[in-house]
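Step one of this worksheet: look at the structure below.
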Amino acid sequence: MWTVDNRRRYDRSKLRYPSDLTDDEWTTIEPLIPLARHGGRPREIVMREVVNGIMYVLSTGCQWRSLPKDLPARSTVNGYFTDWKHDGTLKQLHRALFEKCREQAGRKTEPTAGVIDSQSAKSAEKGGPASIPSAMMRARRSRARSGTSW
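Here our numbering runs 236 ahead of the position in the sequence shown, where the first position is 1.
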């Protein structure tokens with residue numbers, strides 16, 4: 237509920253962009269950021285800015301090339317996003333922030349109930365993919381297969 241305390245806690249007007257991490261959020265996820273690889277050049281990029289860049293793209297839905305110039309280069313941000321998506325770091329970051337939100341709300345970190353949408357349940361009762369009209373349509377033959385494509 238939007239009380240005076242909650243409005244103060246969730247106020248993002250003092251941040252550069254509404255998608256930027258607060259200090260509290262950063263201290264939560266900083267230990268989960270993978271360390272720089274051994275060998276090669278030392279990491280010079282500020283990882284908080286990389287995460288801010290990822291959050292900007294995810295929250296605004298903009299294209300990578302539309303990333304503001306005061307954030308790291310789009311290739312850098314996209315590279316970390318891709319690496320973290322494949323190695324599971326993004327899931328760990330999401331999980332840590334999700335648990336923190338639940339704790340702040342006074343709830344257990346693990347949800348105790350789930351909701352199934354009634355439309356999904358109806359689809360499953362009817363047979364799932366078989367009830368989709370496109371699945372009932374007969375497949376077309378390609379011209380190449382029939383030998384008349386010349």
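We treat Cβ as the ideally placed atom computed from N, Cα and C, and that holds for glycine.
Check the Cβ-Cβ distances between residue i and every residue of chain B, and say whether any is below 7 angstroms.
{"i": "Arg279", "result": "Here chain B cannot be found, since the structure has a single protein chain."}
Could you tell me the distance, in whole angstroms, from the CA atom of residue i to the CA atom of residue j?
{"i": "Asp260", "j": "Val351", "result": "31 angstroms"}
{"i": "Phe334", "j": "Thr345", "result": "8 angstroms"}
{"i": "Arg343", "j": "Arg277", "result": "44 angstroms"}
{"i": "Leu326", "j": "Thr239", "result": "31 angstroms"}
{"i": "Gly289", "j": "Thr318", "result": "13 angstroms"}
{"i": "Cys337", "j": "Ala349", "result": "17 angstroms"}
{"i": "Leu271", "j": "Arg244", "result": "33 angstroms"}
{"i": "Ala332", "j": "Arg248", "result": "20 angstroms"}
{"i": "Trp262", "j": "Pro347", "result": "24 angstroms"}
{"i": "Gln391", "j": "His274", "result": "An answer regarding residue 391 cannot be provided, because it is not within the stretch 237 to 386 covered by the chain."}
{"i": "Asp323", "j": "Glu339", "result": "26 angstroms"}
{"i": "Asn242", "j": "Val313", "result": "31 angstroms"}
{"i": "Leu251", "j": "Thr258", "result": "8 angstroms"}
What do you get for residue i, buried or exposed, if any count of 16 or more other CB atoms within 10 angstroms of its CB means buried?
{"i": "Pro308", "result": "buried"}
{"i": "Tyr246", "result": "exposed"}
{"i": "Leu294", "result": "exposed"}
{"i": "Asp306", "result": "exposed"}
{"i": "Asp256", "result": "buried"}
{"i": "Leu303", "result": "buried"}
Do residue j and residue i count as a contact pair if the criterion is CB distance below 7 angstroms?
{"i": "Ile281", "j": "Leu329", "result": "no"}
{"i": "Arg310", "j": "Trp320", "result": "no"}
{"i": "Ile269", "j": "Met283", "result": "yes"}
{"i": "Val286", "j": "Tyr253", "result": "no"}
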